[in-house]
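A short worksheet on the structure shown next.
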Amino acid sequence: MVDYLAKHLRILAQKGRLWVVLYFLMLPTIAGMIVFDYYPKIDVIVMSFFRWEPPTVMEYIGLGNFMDAAADPLFWQSFQLILILLVTNLLKMWPAIFAAVALHRVANQTHRYIYQVLFVVPMVVPGLVWLLIWKSFYDPDFGILNRFLNATGMMTLLTWMDGTHDAPGVMPRISEALQPVFGMVINPLFGGIWSFLFFGAILATLASRGAPHESRGGAVGWMLALPAVWTFAFVTGLGSTFGGFLVTFGVSIFILYKLAVITGGFWVLWFIWIAGLCAVSFHKPIYITALPLVAVAVVEVLYRRLEYFTARESARWTAWMLLTAASFLVVFGMIWTHPTGQFIEGSPAWLGNTDLVIPAIIFWGFPWVGTIGVLIYLSGLQQISQDVYEAAELDGVGPIGMLFRIELPLMMTQVRINLIFMTIGTLTTYEFFLLLLGPDGGPGNKGMVPGLYMYKRAFEDGHFGYACALGMVLFFIVLGLTIIYNKYVRVEK
Amino acid sequence: MSTKRRSKTAEFLKHGYLWFILGTAFYPLFVMVVVSFKTNEQYQLNPWFFDAIDTWQWQNWAVAWNIVSTYIANSIVTSVAAVIFSLIMTVLTSYVLARYRFPGRNVVYYSVIASMFLPSTAATLVTLFALLENLNLINSLWALIIVGAAGGQVVGIFILKQFIEDIPKELFESAQIDGAGHLSQIRHIVLPMSGGILSTVAIMKFLGVWNNVILPLVIMRDEEKFTVPVGLLYLEGEYVKQWGEMMAGYAIASIPLIVLFLFTMRLFVKGLAAGAVKG
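Top to bottom, those sequences are chains V and E.
So in our numbering, the last one in the first sequence is 739, and the numbering has no gaps at all.
So in our numbering, the last one in the second sequence is 316, and the numbering has no gaps at all.
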């Protein structure tokens with residue numbers, strides 16, 4: 247017995263010695279990870295409950311920082327820019343997709359390898375060098391952009407479109423001419439241009455849903471649930487408290503996911519939905535319930551009167567026409583309403599003018615083809631077997647048909663991966679804005695993103711604790727998105 | 038005949054699109070080189086192309102080299118040191134995780150993986166700054182080295198662990214019987230076999246540390262300790278801009294990575310593709 251125990255103890259001691267050695271080998275990693283990775287992240291959580299203004303102030307204030315954050319107009323305003331950036335970044339994904347497809351279709355192996363290498367090269371030049379060179383493009387006097395616009399006569403065109411204060415140019419005048427359309431048609435009917443957009447989005451959602459017998463009630467139900475939640479949040483005043491807002495936000499994301507599943511994973515509509523919801527609820531919350539009802543009615547009537555497939559097609563076309571018209575109206579009727587007066591001198595300060603900062607940021611990095619993105623798409627395309635192409639060719643599918651019927655559907659996984667990276671990146675990135683526009687986000691805080699606002703509050707104003715609280719808010723938004731993506735957006739590796 | 042013609046247009050369109058994309062993508066680099074040989078007046082007169090070669094302003098490059106060389110030295114020291122430390126840590130940890138089952142193994146492994154999924158926001162920079170201040174590492178290159186080496190080992194550990202698991206167990210066992218300890222097993226078995234993967238991981242790490250802007254921007258105070266990105270920002274922030282010198286500085290700052298790229302092109306393309314597939 248004693249022998250037995252002693253033997254076991256000896257074995258255990260031997261094992262124990264091995265374990266100690268193993269942990270000793272891993273010590274640098276574990277220590278480094280805890281101190282420089284986990285500790286700062288946990289410290290953010292702790293410090294968000296403190297008024298922390300180094301080096302002197304450090305006191306516990308409970309939820310005080312979060313209360314301040316909920317009422318901080320600049321913080322929430324920064325999310326508006328995020329909304330704009332999300333939509334434009336979504337469009338900016340296309341050139342990379344096309345580039346990957348073109349690269350994939352290059353028949354010659356050697357050529358393809360050369361292109362692949364060339365696409366990697368931009369990554370080798372430090373990101374900051376790109377940023378600084380592009381910044382030099384925007385310089386009012388020396389910048390290539392203004393020189394190019396002047397040399398090609400586009401500056402004259404812009405001046406003509408812009409006009410002066412006394413004699414507004416074409417764009418402000420178009421906007422003025424469109425005012426009756428807003429006043430007499432769109433506002434009474436839809437409660438504003440955003441509702442108009444929203445209506446188009448609902449129609450498109452309904453039109454792209456699966457065959458009618460599949461969860462027809464479901465789509466309508468979920469679609470009505472969303473406005474109901476928002477109306478409820480607004481009527482009860484829940485939406486204006488911080489916790490209520492987060493709950494509403496979470497529930498909305500869940501319903502959006504349900505909708506996306508029903509509509510066959512047509513993810514673009516997410517953004518239109520979110521944009522529509524935010525925009526409409528700021529102006530006329532009542533339309534949020536009315537519009538889906540009307541849209542459902544329209545589609546149902548269409549389905550009754552017409553055969554299923556023609557009805558679906560016509561609903562889809564109507565929806566896209568409405569969306570196009572609405573976007574057109576937004577561009578011409580709402581954005582360029584006043585002359586900026588920047589073009590007439592021939593040297594607009596793209597990064598120094600409140601009206602031009604956002605267009606400059608959006609144009610930044612043209613043609614918007616990122617190395618990593620292209621390679622991810624390419625890895626997806628390379629998994630498409632040659633048989634699929636041959637079968638399609640026998641069916642007489644042309645090159646453009648191939649793109650929409652074979653390549654895009656089969657690389658959806660990769661598109662989703664990039665979509666995830668893009669959304670989370672857009673939400674958290676701030677380096678670009680800091681380096682380009684400074685901690686205040688440029689003129690009139692136009693380029694203020696949430697991350698930059700944290701940076702500014704911490705390192706400019708010295709409010710470390712408040713920055714941590716803002717970080718927590720952003721963290722939960724991103725974490726929610728990550729969980730949803732990981733759980734529901736199927737990514738086959 | 039007609040199909041052949043159509044495929045020719047298609048071919049032309051493809052290549053045309055790719056060349057357009059690459060052309061516009063590389064245009065900034067072209068501008069950088071062109072302007073680096075000009076004075077401000079020459080830039081004002083003709084921003085589009087090189088002037089006659091006898092008017093080239095070679096001294097721009099000399100001036101820029103004087104300024105940037107310190108930054109480059111700092112950056113090389115920081116990045117190389119961070120890569121070495123990071124590789125040592127990664128290899129040790131992956132070796133242990135791949136070869137042994139012991140209490141707490143999963144905890145360690147999953148907390149390594151989880152650190153990737155916990156997004157870091159600008160607020161983590163705030164607490165990291167405070168931490169470095171407490172550790173007395175502000176205005177020290179050590180801060181960059183340590184943070185660079187400690188952070189973001191996930192991908193390396195993940196890939197390398199799987200690789201070591203695929204090495205036949207018998208190799209390790211026979212080495213053990215011959216009396217080889219952990220370190221000599223790593224040196225004689227793991228390192229020789231995983232050369233390719235290790236260099237890819239090293240390159241990625243090097244790029245990451247080299248391109249880090251925000252951390253050095255926040256913690257570096259003395260000009261002689263700036264790394265390349267901070268130095269370039271400092272150069273750019275001068276009141277009267279000397280465009281030629283700035284552009285020459287950018288070009289010089291890009292050269293180390295380009296040289297690295299030329300020597301490791303295959304690894305680079307392969308590594309990026311592998312990383313892309315892993316997502």
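Where is the CB? At the ideal position from N, CA and C, for every residue including glycine.
Residues of chain E with a Cβ closer than 9 angstroms to the Cβ of residue 716(V) are, in chain order, 158, 159, 160.
Between residue 648(V) and residue 290(V), the CB-CB gap reaches or exceeds 8 angstroms. Residue-level contact check: residue 393(V) touches chain E, since one or more beta carbons of chain E fall below 8 angstroms from its beta carbon. The beta carbon of residue 167(E) sits closer than 8 angstroms to some beta carbon of chain V. Ranking 348(V), 614(V), 371(V), 375(V) by CA distance to the CA of residue 362(V) puts 348(V) first. Taking CB atoms only, residue 289(V) has a neighbour in chain E less than 8 angstroms away. In this structure residue 247(E) is buried. Its beta-carbon is surrounded by 16 or more other beta-carbon atoms within 10 angstroms. A Cβ-Cβ distance of about 7 angstroms is found for the pair residue 424(V) and residue 575(V), placing them in contact under the 8 angstroms criterion. In the pairwise beta carbon analysis, the segment 122-132 of chain E is classified as touching the segment 235-247 of chain E: at least three pairs are separated by under 8 angstroms. Distances from the CA of residue 588(V) to each of 263(V), 414(V), 624(V) were compared; the closest alpha carbon is that of 414(V). Closest in alpha carbon position to residue 260(E), among 68(E), 110(E), 96(E), is 110(E).
In the structure shown, residue 275(E) adopts coil according to DSSP, grouped into three states. For residue 328(V), the closest of 286(V), 676(V), 396(V), 702(V) by C-alpha to C-alpha distance is 676(V). In the DSSP assignment, residue 246(E) falls within the alpha helix (DSSP H) that extends over 232-247.
The closest CA to that of residue 210(E), considering only 200(E), 196(E), 225(E), 73(E), is found on 225(E). In the DSSP assignment, residue 305(V) falls outside any alpha helix (DSSP H) and within the unbroken beta strand (DSSP E) covering 303-306.
For the segment 190-215 of chain E, the beta-carbon criterion of a distance under 8 angstroms to any beta-carbon of chain V is satisfied by 190, 194. Residue 252(E) is positioned such that its CB atom lies closer than 8 angstroms to that of residue 184(E).
Collapsing the DSSP output to three states places residue 179(E) in a helix. Taking C-beta atoms under 8 angstroms as the contact rule, residue 585(V) and residue 410(V) qualify, at a distance of about 6 angstroms. For residue 297(V), the enclosing beta strand (DSSP E) stretches over residues 296-299. About 7 angstroms separates the Cβ atoms of residue 187(E) and residue 283(V), confirming a contact at the 8 angstroms cut-off. Residue 600(V) and residue 271(E) have their C-alpha atoms some 25 angstroms from each other.
Pairing residue 264(E) with residue 162(E) gives a Cβ-Cβ distance that is not under 8 angstroms. Residue pairing from DSSP places residue 409(V) in a beta bridge opposite 414(V). Distance from the CA atom of residue 216(E) to the CA atom of residue 148(E), rounded to whole angstroms, is 33 angstroms.
Unbroken alpha helix (DSSP H) runs of no fewer than 4 residues, entirely contained in the segment 64-111 of chain E, are found at 77-82, following chain order.
A residue is called buried when at least 16 other Cβ atoms come within 10 angstroms of its Cβ; residue 702(V) meets this threshold and is buried. Closest in C-alpha terms to residue 50(E), from the list 453(V), 473(V), 620(V), 352(V), comes 352(V).
Here the alpha carbons of residue 696(V) and residue 159(E) stand approximately 9 angstroms from one another. Residue state for residue 602(V) is assigned as coil, using DSSP reduced to three classes.
Residue 586(V) sits in coil when the DSSP states are folded into three classes, being neither helix nor strand. If one requires a minimum length of 3 residues, no beta strand (DSSP E) run lies completely within the segment 630-655 of chain V. Under a criterion of Cβ atoms nearer than 8 angstroms, no residue of chain E is adjacent to residue 564(V); the nearest Cβ is some 32 angstroms distant. Residue 202(E): member of the alpha helix (DSSP H) spanning 191-203, first to last residue. A Cβ-Cβ separation of about 11 angstroms leaves residue 144(E) out of contact with residue 134(E) under the 8 angstroms criterion.
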